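Visitor: I have a structure here, written as structure tokens, and I will follow up with some questions on it.
Number of protein chains: 2
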Amino acid sequence: MPQLRKDPITNRWVIVKIENPQKDWQVTHAEVHSSRTCPFCPGNEGMTPKEIAVYGKRRGGEWGVRVVPNKFPAVRIEETTRRTANGIYDRVGGFGAHEVIIESPEHSADMADFSIEQLELVLRVYRDRCLDLQKDVRLKYILIFKNFGEQAGASLHHPHSQLIGLPIVPSRVLSEVKGAEKHFEYTERCIFCDILEQEEQKLIFLDSGSHVALTPFASRFPFEMWILPKKHQTHFEASSDEDLASLAIALKGALSRLKKALNNPSYNLMIHTSPINDNTSDMFHWHIEIIPKLTEVAGFELGTGFYVNLTPPETAAEILRNQKD
Amino acid sequence: MPQLRKDPITNRWVIVKIENPQKDWQVTHAEVHSSRTCPFCPGNEGMTPKEIAVYGKRRGGEWGVRVVPNKFPAVRIEETTRRTANGIYDRVGGFGAHEVIIESPEHSADMADFSIEQLELVLRVYRDRCLDLQKDVRLKYILIFKNFGEQAGASLHHPHSQLIGLPIVPSRVLSEVKGAEKHFEYTERCIFCDILEQEEQKLIFLDSGSHVALTPFASRFPFEMWILPKKHQTHFEASSDEDLASLAIALKGALSRLKKALNNPSYNLMIHTSPINDNTSDMFHWHIEIIPKLTEVAGFELGTGFYVNLTPPETAAEILRNQKD
Chain A
5 MPQLRKDPIT NRWVIVKIEN PQKDWQVTHA EVHSSRTCPF CPGNEGMTPK
55 EIAVYGKRRG GEWGVRVVPN KFPAVRIEET TRRTANGIYD RVGGFGAHEV
105 IIESPEHSAD MADFSIEQLE LVLRVYRDRC LDLQKDVRLK YILIFKNFGE
155 QAGASLHHPH SQLIGLPIVP SRVLSEVKGA EKHFEYTERC IFCDILEQEE
205 QKLIFLDSGS HVALTPFASR FPFEMWILPK KHQTHFEASS DEDLASLAIA
255 LKGALSRLKK ALNNPSYNLM IHTSPINDNT SDMFHWHIEI IPKLTEVAGF
305 ELGTGFYVNL TPPETAAEIL RNQKD
Chain B
5 MPQLRKDPIT NRWVIVKIEN PQKDWQVTHA EVHSSRTCPF CPGNEGMTPK
55 EIAVYGKRRG GEWGVRVVPN KFPAVRIEET TRRTANGIYD RVGGFGAHEV
105 IIESPEHSAD MADFSIEQLE LVLRVYRDRC LDLQKDVRLK YILIFKNFGE
155 QAGASLHHPH SQLIGLPIVP SRVLSEVKGA EKHFEYTERC IFCDILEQEE
205 QKLIFLDSGS HVALTPFASR FPFEMWILPK KHQTHFEASS DEDLASLAIA
255 LKGALSRLKK ALNNPSYNLM IHTSPINDNT SDMFHWHIEI IPKLTEVAGF
305 ELGTGFYVNL TPPETAAEIL RNQKD
């Protein structure tokens with residue numbers, strides 16, 4: 005049973021595995037599967053828990069995208085949300101949702117090379133899973149993320165993303181939402197809209213009509229990328245099918261440029277959207293963050309939350325802009 | 005010239021290298037040097053910038069610990085602290101101090117195996133460098149940290165630590181200091197002292213007299229360790245020679261147990277101390293944090309600031325307690 009524990013000093017939350025804790029730690033490598041032994045490949049559907057949803061179904065039982073519960077969930081929908089104290093410590097039961105989105109039936113496909121249609125389908129699945137899960141009022145936040153490549157923490161090669169629904173709004177999300185609120189109180193404008201206004205030239209490297217991709221001014225990591233809708237929108241899941249068509253073009257453009265510029269690096273992709281079931285704030289502007297895994301986070305970053313970045317975003321934007329499609 | 009940039013949304017700071025930015029990123033490995041080519045080995049003193057301090061000098065020019073400016077500094081004492089705005093963005097000149105503490109003349113020595121005398125000497129150097137640098141009133145924070153092993157970001161094998169002095173109190177430090185203040189306002193007690201009081205049995209795995217080593221209740225990482233003085237102390241650099249003798253025993257005990265329990269893992273070590281030149285707060289309790297590098301920080305952690313830990317700290321404490329000295 006997982007348990008959520010709060011650090012009493014910083015209010016940072018940690019999901020701790022209590023049953024069968026891991027005692028031995030060796031450097032592990034991603035499991036290499038052929039399509040015969042891969043649990044995400046067509047024909048092996050029995051190797052995953054029963055599916056939650058299937059998209060793009062064709063004759064002969066073929067599917068385009070498949071959503072299944074995570075076999076090793078960090079949180080579980082059957083757990084309690086009860087909060088208990090032990091002296092100065094706070095604990096919450098490990099309640100939540102943890103799903104895997106299998107993005108393609110093809111074992112060796114890569115999101116950067118997906119057809120626009122396939123990428124649109126994946127984005128519609130992301131949206132629809134958010135819309136479905138937000139009916140559970142116990143959930144406060146839904147994070148969709150993708151770990152690509154071993155250096156970024158992927159343990160399986162078959163293209164997939166993950167969704168985690170949490171009973172708590174995470175601190176990093178709160179700090180972004182509060183930062184946006186502070187700016188709004190002062191200026192009565194959205195800070196992300198202000199960034200787009202100011203960055204027309206220098207840091208934006210791609211425009212797909214309704215979305216842009218840019219390298220942020222205070223990039224923590226070399227070649228950090230954000231994809232934002234041009235018009236103000238608080239929740240990713242409010243995207244229409246037309247919005248997602250433009251987003252697919254921006255996402256494919258950003259990922260394929262990154263792949264070419266840096267010889268297919270590992271990366272983490274996260275959708276930063278507003279907390280769900282919260283209609284009190286409309287100052288946040290959802291966006292995708294993509295963090296290539298090129299360096300190790302070391303003692304200085306861990307100790308301070310300060311980052312050192314050896315590639316200024318204006319240099320990264322220029323390199324990404326100059327990649328051929 | 006480095007530049008400090010503030011993210012306008014979260015107020016997170018980033019040090020950005022502007023001159024000669026790195027454009028190409030390949031997976032890099034630590035430089036392997038023999039003692040003949042290692043810039044930190046005795047006899048090669050000319051390969052580093054001129055030394056700032058030398059400790060433990062013996063006949064024949066031998067030294068015990070040597071402090072030199074970092075050859076590739078993240079910040080520089082010659083830079084400006086001037087703050088400028090560009091629209092919604094904030095910039096500060098890359099002012100600060102960045103030093104390397106060469107912990108031993110022996111190329112292949114390992115802090116976990118240092119003699120207690122050598123470790124005491126290193127800790128005295130840490131303290132004395134803090135005391136010297138805090139005379140510069142432009143500095144607001146001094147972080148001492150050590151990256152051990154390639155997975156933890158070390159680029160040279162010769163045992164060394166680093167010191168960075170910053171013109172800004174970093175956000176992660178502020179969040180700890182503010183958390184401690186909040187607890188004090190409510191209870192009129194130090195939260196770290198409260199933790200020590202509550203944890204006598206379960207999470208403390210080592211007691212050296214004036215210091216203890218424990219695995220924190222909300223450990224973000226498997227086998228995360230903290231070393232704390234038992235009596236309340238705000239600043240590491242206020243440690244007496246007797247304090248440092250006890251700290252050396254605790255530090256050696258923690259590092260050597262970690263080395264045995266997990267087969268010599270990479271780790272990051274950071275001293276979390278109070279901001280300098282700030283006498284307004286005495287609620288913070290300095291401590292050392294040691295983070296073994298066993299997993300990759302992936303999309304979920306990056307997106308939320310929430311961590312998933314597969315080894316509960318009570319399990320880690322038991323394993324560490326049972327290691328023979």
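Those protein sequences? They're chains A and B, same order as listed. Note that the first sequence covers residues 5 to 329 in the working numbering. Note that the second sequence covers residues 5 to 329 in the working numbering. All C-beta atoms in this analysis are idealised placements derived from N, C-alpha and C, irrespective of residue type, glycine included. The structure displayed is predicted, hence computed values, not measured ones.
List, in chain order, every chain A residue whose beta-carbon is nearer than 8 Å to that of residue 27 of chain B.
Guide: Position 23 of the second sequence, counting from 1, holds the residue named residue 27 of chain B. The contacting residues are 315, 319, 323.
Visitor: Are residue 249 of chain B and residue 324 of chain B closer than 8 Å when you measure CB to CB?
Guide: Numbered from 1 along the second sequence, position 245 holds the residue referred to as residue 249 of chain B. Numbered from 1 along the second sequence, position 320 holds the residue referred to as residue 324 of chain B. Not a contact, by the Cβ cut-off of 8 Å.
Visitor: Could you name the residues of chain A that residue 230 of chain B contacts, counting a contact when the two beta carbons are closer than 8 Å?
Guide: The count along the second sequence starts at 1 and reaches residue 230 of chain B at position 226. Near residue 230 of chain B there are no residues of chain A at all, since even the closest Cβ is about 11 Å away, more than 8 Å.
Visitor: Any C-beta of chain A within less than 7 Å: which residues of the region 72–83 of chain B qualify?
Guide: Answer set for the region 72–83 of chain B: 78.
Visitor: Chain B partners of residue 93 of chain A, CB-CB under 7 Å?
Guide: For the purposes of this step, residue 93 of chain A is taken as the residue at position 89 of the first sequence. Neighbours of residue 93 of chain A on chain B, chain order: 221.
Visitor: Can we say the region 279–295 of chain A touches the region 183–198 of chain A, given the rule of at least three CB pairs closer than 8 Å?
Guide: Contact holds: three or more Cβ-Cβ distances are below 8 Å.
Visitor: Check for me: the alpha helix (DSSP H) holding residue 188 of chain A runs from which residue to which?
Guide: The residue labelled residue 188 of chain A in the question sits at position 184 within the first sequence. From DSSP, the alpha helix (DSSP H) with residue 188 of chain A extends over 175–191.
Visitor: Since residue 202 of chain B meets chain A, which of its residues come closer than 7 Å, beta carbon to beta carbon?
Guide: Residue numbering aside, residue 202 of chain B sits at position 198 when the second sequence is read from its first letter. The answer, in chain order, is 91, 92.
Visitor: Measure how close the beta-carbons of residue 104 of chain B and residue 19 of chain B come, nearest whole angstrom, since I'm counting them as under 8 Å.
Guide: For this step, residue 104 of chain B is matched to residue 100 along the second sequence. For this step, residue 19 of chain B is matched to residue 15 along the second sequence. The pair is not a contact, with the Cβ atoms about 17 Å apart (cut-off 8 Å).
Visitor: For residue 252 of chain A, I'd like the list of residues in its chain whose CB is within less than 7 Å of its CB, leaving aside the five on either flank, ordered along the chain.
Guide: Here residue 252 of chain A corresponds to residue number 248 of the first sequence, with the count starting at 1. If we look at residue 252 of chain A and ignore the five residues flanking it on each side, its Cβ neighbours are 120, 123, 124, 127.
Visitor: Could you check if residue 109 of chain A is buried or exposed, using at least 16 other CB atoms within 10 Å of its CB as the buried criterion?
Guide: Position 105 of the first sequence, counting from 1, holds the residue named residue 109 of chain A. Buried, since its Cβ has 16 or more Cβ neighbours within 10 Å.
Visitor: Just to confirm the assignment: which complete beta strand (DSSP E) runs, minimum length 3, are found wholly within the region 44–110 of chain B?
Guide: You should have 57–59, 69–73, 87–90, 93–97, 101–106.
Visitor: Using 8 Å for Cβ pairs, my map puts residue 149 of chain B next to residue 303 of chain A. What's the rounded Cβ distance?
Guide: Working through the second sequence from its first residue, we reach residue 149 of chain B at position 145. Working through the first sequence from its first residue, we reach residue 303 of chain A at position 299. That pair is a contact at about 3 Å.
Visitor: Would residue 281 of chain A count as contacting chain B if we go by Cβ distances under 8 Å?
Guide: For the purposes of this step, residue 281 of chain A is identified with residue 277 of the first sequence, where counting begins at 1. By this cut-off, residue 281 of chain A is not an interface position.
Visitor: Roughly how many angstroms separate the alpha carbons of residue 141 of chain B and residue 56 of chain B, rounded to a whole number?
Guide: The count along the second sequence starts at 1 and reaches residue 141 of chain B at position 137. The count along the second sequence starts at 1 and reaches residue 56 of chain B at position 52. About 19 Å.
Visitor: Among the candidates A:82, A:155, A:45, A:189, whose CA atom is the shortest distance from the CA of residue 272 of chain A?
Guide: By one-based count along the first sequence, residue 272 of chain A stands at place 268. Taking only the C-alpha atoms, the option nearest residue 272 of chain A is A:155.
Visitor: Would you give the residue range spanned by the beta strand (DSSP E) that residue 153 of chain B belongs to?
Guide: Locating residue 153 of chain B in the second sequence gives position 149, counting from the first residue. Element bounds for residue 153 of chain B: n/a, residue is neither H nor E.
Visitor: Could you list which residues in chain A have their beta carbon closer than 9 Å to that of residue 130 of chain B, in chain order?
Guide: Start at 1 with the first residue of the second sequence, and residue 130 of chain B comes out as number 126. Here the premise fails: no neighbours, minimum Cβ distance about 13 Å.
Visitor: Mind checking whether residue 306 of chain A and residue 226 of chain A have CB atoms under 8 Å apart?
Guide: Residue 306 of chain A sits at position 302 when you count from the first residue of the first sequence. Residue 226 of chain A sits at position 222 when you count from the first residue of the first sequence. No, Cβ-Cβ distance for residue 306 of chain A and residue 226 of chain A is not below 8 Å.
Visitor: On the DSSP bridge list, what partners appear for residue 9 of chain A?
Guide: One-based indexing of the first sequence puts residue 9 of chain A at position 5. According to DSSP, residue 9 of chain A bridges with A:18, A:95.
Visitor: Going by the DSSP bridge assignment, what does residue 291 of chain B pair with across the sheet?
Guide: Indexing the second sequence from 1 puts residue 291 of chain B at position 287. Note: residue 291 of chain B sits in a beta bridge opposite B:276.
Visitor: Reducing DSSP to helix, strand and coil, say where residue 147 of chain A ends up.
Guide: Start at 1 with the first residue of the first sequence, and residue 147 of chain A comes out as number 143. In the structure shown, residue 147 of chain A sits in a strand (DSSP, three-state: E or B).
Visitor: Output, in chain order, the set of chain B residues within a Cβ distance shorter than 7 Å of residue 168 of chain A.
Guide: On the first sequence, position 164 is the one that residue 168 of chain A refers to. Correct list: 304.
Visitor: Alpha carbon to alpha carbon, how far is residue 138 of chain A from residue 116 of chain A?
Guide: Taking the first residue of the first sequence as position 1, residue 138 of chain A is located at position 134. Taking the first residue of the first sequence as position 1, residue 116 of chain A is located at position 112. Taking the straight line from one Cα to the other gives about 29 Å.
Visitor: Mind checking who residue 230 of chain B pairs with in its DSSP beta bridge?
Guide: Counting from 1 along the second sequence, the entry for residue 230 of chain B is found at position 226. Paired residues: B:218, B:293.
Visitor: Rounding to the nearest angstrom, what Cα-Cα distance links residue 97 of chain B and residue 185 of chain A in this structure?
Guide: Residue numbering aside, residue 97 of chain B sits at position 93 when the second sequence is read from its first letter. Residue numbering aside, residue 185 of chain A sits at position 181 when the first sequence is read from its first letter. Residue 97 of chain B and residue 185 of chain A: Cα-Cα distance of roughly 28 Å.
Visitor: State the DSSP-derived secondary structure class of residue 310 of chain B, mapped to helix, strand or coil.
Guide: The residue given as residue 310 of chain B occupies position 306 in the second sequence. If DSSP states are grouped into helix, strand and coil, residue 310 of chain B belongs with coil.
Visitor: Cβ atoms of residue 309 of chain B and residue 174 of chain A: under 8 Å apart, would you say?
Guide: One-based indexing of the first sequence puts residue 174 of chain A at position 170. One-based indexing of the second sequence puts residue 309 of chain B at position 305. Yes; because the gap between Cβ atoms is below 8 Å, this pair is in contact.
Visitor: Run through chain A and tell me which residues come within less than 9 Å of residue 356 of chain B, C-beta to C-beta.
Guide: The requested residue 356 of chain B is not part of the displayed model; chain B covers only 5 to 329.
Visitor: If the criterion is Cβ atoms closer than 8 Å, does the pair residue 207 of chain B and residue 300 of chain B meet it?
Guide: Locating residue 207 of chain B in the second sequence gives position 203, counting from the first residue. Locating residue 300 of chain B in the second sequence gives position 296, counting from the first residue. Result no, Cβ atoms of residue 207 of chain B and residue 300 of chain B do not sit closer than 8 Å.
Visitor: Against residue 189 of chain B, what residues of chain A qualify as contacts under a CB-to-CB distance less than 9 Å, listed in chain order?
Guide: If you number the second sequence from 1, residue 189 of chain B lands on position 185. In chain order: nothing, as chain A lies at least about 14 Å away.
Visitor: Assuming residue 208 of chain B is part of the beta strand (DSSP E), what are its boundary residues?
Guide: Taking the second sequence and counting its residues from 1, one reaches residue 208 of chain B at position 204. 208–211 is the extent of the beta strand (DSSP E) around residue 208 of chain B.
Visitor: Quick one: list the residues of chain A neighbouring residue 179 of chain B, beta-carbon separation under 7 Å, in chain order.
Guide: Indexing the second sequence from 1 puts residue 179 of chain B at position 175. Chain A residues near residue 179 of chain B: 14.
Visitor: Can a CB atom of chain A be found closer than 8 Å to the CB of residue 9 of chain B?
Guide: If you number the second sequence from 1, residue 9 of chain B lands on position 5. Cβ-Cβ to chain A under 8 Å: yes for residue 9 of chain B.
Visitor: Should residue 209 of chain B go down as buried or exposed, given a rule of 16 or more other Cβ atoms within 10 Å for buried?
Guide: Residue numbering aside, residue 209 of chain B sits at position 205 when the second sequence is read from its first letter. Counting Cβ neighbours within 10 Å, residue 209 of chain B comes out buried, since at least 16 surround it.
Visitor: So residue 269 of chain A contacts chain B; which residues on that side make the cut at Cβ distance below 8 Å?
Guide: If you number the first sequence from 1, residue 269 of chain A lands on position 265. Result: 29.
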